[in-house]
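Trainee:
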Amino acid sequence: MMNRMLAVMMPLALVGPPVVAGAQTPDSTALQAGDRVRFRASTMPTAAVGEVIDAEPDVLRIWIPDEADSIAVPRSAITRLERSVGMRRNTVKGAGVGALVGAVSGVMFILIEAGTPCDDELCRGLATFFGAAGAGAGAIVGAGIGAAQKREHWEAIPIGRAAVGVRLVPERRGAGLALSVGF
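Here the working numbering is used: the sequence shown runs in plain steps of one and ends on residue 189.
1) According to the neighbour-count rule (16 or more other Cβ atoms, all chains shown, within 10 Å of its Cβ), is Glu177 buried or exposed?
2) Asp60 to Thr52, Cα distance in whole Å?
3) Within a Cβ cutoff of 8 angstroms, which residues of the same chain sit near Gly150, ignoring the five residues on either side of it in sequence?
4) Quick one: any contact between the stretch 94-112 and the stretch 126-144, if contact means 3 or more CB pairs under 8 angstroms?
5) How big is the Cα-Cα spacing for Gln155 and Ala143?
6) For the alpha helix (DSSP H) holding Ser111, just list the boundary residues, first then last.
7) Between the alpha carbons of Ala54 and Arg44, how many angstroms are there, rounded?
8) Relative to the C-alpha of Gly102, which candidate in Gly148, Val91 and Asp72 has its C-alpha closest?
9) Do you know offhand how far Gly92's Cα is from Met114's?
10) Nearest-angstrom Cα distance between Leu37 and Val98?
11) Taking only three categories from DSSP, how would you classify Ser90?
12) Per DSSP, what kind of secondary structure is Ile146 in: helix, strand or coil?
13) Identify the residues that DSSP records as bridge partners of Arg42: which are they?
14) Just the C-alpha distance for Ala153 and Gly104, rounded to the nearest angstrom, thanks.
15) Going by DSSP, what residue range makes up the beta strand (DSSP E) through Ile77?
16) Have a look at Glu62, Ala145, Trp160 and Val79 and flag the residue whose alpha-carbon is nearest the alpha-carbon of Ile70.
17) How many Å lie between Gln30 and Ile84 at the Cα?
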């Protein structure tokens with residue numbers, strides 16, 4: 007009987023902690039002073055962006071650049087919360103858009119210049135060449151434009167999610183499972 011219980015409990019003990027850690031509710035207490043946040047609260051008419059001054063269990067103290075003083079936002083009033091993960095450049099996206107625009111432009115140039123349907127081998131070859139050349143030039147220009155643009159990326163912090171946890175509990179005659187549910 008004991009061997010059978012150990013055969014069931016050992017996998018749960020090994021897998022349980024990561025499952026429990028992943029199942030715990032991330033909330034505003036996971037924020038640290040200095041984090042840049044974007045949030046929406048029922049106590050405010052619009053969404054706001056600010057810097058966390060203090061993250062208490064029931065209140066977030068946030069400094070908003072337009073405000074003279076920091077504001078206290080009750081956690082219960084927060085309907086959306088995101089943390090900034092930094093600024094990123096749009097180099098790859100710009101290169102992709104540039105390549106597409108360049109390729110279409112190169113092919114259209116040949117089709118317009120040909121003036122008739124492009125059904126001979128020379129016309130198709132030129133359309134392919136100008137399409138590829140346009141894609142290359144467009145990718146270079148697009149990458150340059152994308153690299154010059156930065157945008158802020160945000161990660162959502164779930165609010166008010168139910169949490170379920172399972173853990174192994176030693177008992178006098180073996181081991182047991184403890185299940186916790188939080189809302």
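Glycine included, each C-beta is placed from N, C-alpha and C at the ideal position.
Computed from a predicted structure; not experimentally measured.
Mentor: Put simply:
1) Looking at its Cβ environment, which holds fewer than 16 other Cβ atoms inside 10 Å, Glu177 is exposed.
2) In a straight line, the C-alpha of Asp60 is about 21 angstroms away from that of Thr52.
3) Taken in chain order, the residues that qualify are Gly100.
4) Taking a cut-off of 8 angstroms for Cβ pairs, the stretch 94-112 and the stretch 126-144 touch, as three or more such pairs fall below it.
5) So the two alpha carbons sit approximately 19 angstroms from each other.
6) Counting along the chain, the unbroken alpha helix (DSSP H) around Ser111 starts and ends at Thr97 to Ala120.
7) In this structure, the CA atom of Ala54 is about 6 angstroms from the CA atom of Arg44.
8) When each option's Cα is compared against that of Gly102, the closest is Gly148.
9) Annotation: Gly92 to Met114 spans about 40 angstroms, alpha carbon to alpha carbon.
10) Rounded to whole angstroms, Leu37 to Val98 spans 31 angstroms at the Cα level.
11) Looking at Ser90 - three-state DSSP - the assignment turns out to be strand.
12) The answer is helix: DSSP assigns Ile146 an H, G or I state.
13) Looking at the DSSP output, Arg42 bridges to Glu57.
14) Roughly 12 angstroms between the two C-alpha positions.
15) According to the DSSP assignment, Ile77 belongs to the beta strand (DSSP E) that extends over Ile77 to Pro80.
16) Closest in C-alpha terms to Ile70, from the list Glu62, Ala145, Trp160 and Val79, comes Val79.
17) In this predicted model, Gln30 has a pLDDT of only 44, less than 50, meaning its place in the structure is not dependable; the value taken from the coordinates is given anyway. Computed Cα separation, rounded: 19 angstroms.
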